[in-house]
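Residue numbers (my numbering): 7 to 141.
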């Protein structure tokens, strides 16, 4: 057993220290206090990336492969993303694949955004604009 705390916990502790001790100590210097809050937020984002980023990426890859009908172990993430983009480029927007892909995309966008801002939610009523078809 490793006696050291995991990296996300260390980063979260630094973020909390900045917000709880450093920012109040800089109350007389609003510019530095603001920069300390920014630093605390960036450290918190890094903690979420370290803790959750790999799982978010793995879920994206699994869903892309499911949409393509391939085994995730047989297609690397970048290749799956590119193959899905090529397939969707020529798929009508009302096709079941396009509708499923939009739902997956919204879910993954929300997961990616949550790494930066966990309070942000796209909502159930998000509609992506229709793709324009060249004349």
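Virtual Cβ for every residue (Gly too), placed ideally from N, Cα, C.
For this session: Note the first and the last residue of the continuous alpha helix (DSSP H) segment covering residue 15.
Result: Counted as a single uninterrupted DSSP element, the alpha helix (DSSP H) harbouring residue 15 occupies residues 13 to 23.
For this session: Use the C-beta contact count for residue 3: other C-beta atoms within 10 angstroms, 16 or more gives buried, fewer gives exposed.
Result: Residue 3 lies beyond the residue range present for the chain, which begins at 7 and ends at 141; the question has no answer from this structure.
Exercise. CB-CB under 8 Å to residue 115, same chain, minus the five flanking residues each way: which ones, in chain order?
Worked result: 128, listed in sequence order.
For this session: Give me the Cβ distance between residue 65 and residue 117, rounded to the nearest whole Å; I'm assuming they're in contact under 8 Å.
Result: Contact between residue 65 and residue 117 is confirmed by a C-beta separation of about 7 Å, below the 8 Å threshold.
Exercise. Would you report the Cα separation of residue 137 and residue 87, rounded to the nearest angstrom?
Worked result: In this prediction, residue 137 has a pLDDT of 49, which is less than 50 and means its spatial position is unreliable; what the coordinates show is noted afterwards. About 18 Å.
Problem set entry | Through-space distance from residue 33 to residue 60, alpha-carbon basis | Between residue 60 and residue 33, the alpha-carbon positions lie close to 37 Å from each other.
Exercise. What whole-angstrom Cβ distance do residue 49 and residue 39 have, given they're in contact under 8 Å?
Worked result: With a Cβ gap of about 16 Å, residue 49 and residue 39 do not count as contacting.
Problem set entry | Element boundaries [alpha helix (DSSP H), containing residue 50] | For residue 50, the enclosing alpha helix (DSSP H) has its first and last residue at 36 to 74.
For this session: With DSSP collapsed to three states, give me the class of residue 128.
Result: If DSSP states are grouped into helix, strand and coil, residue 128 belongs with coil.
Exercise. In this structure, does DSSP put residue 79 in helix, strand or coil?
Worked result: Here residue 79 carries a helix assignment [DSSP, helix/strand/coil].
Problem set entry | Neighbour-count burial assignment, residue 107, 16 or more Cβ in a 10 Å radius | With 16 or more other Cβ atoms within 10 Å, it is buried.
For this session: Rounded to whole angstroms, what's the CA-CA distance from residue 79 to residue 11? Just pull it up for me.
Result: Using only the alpha carbons, I get a separation of about 32 Å.
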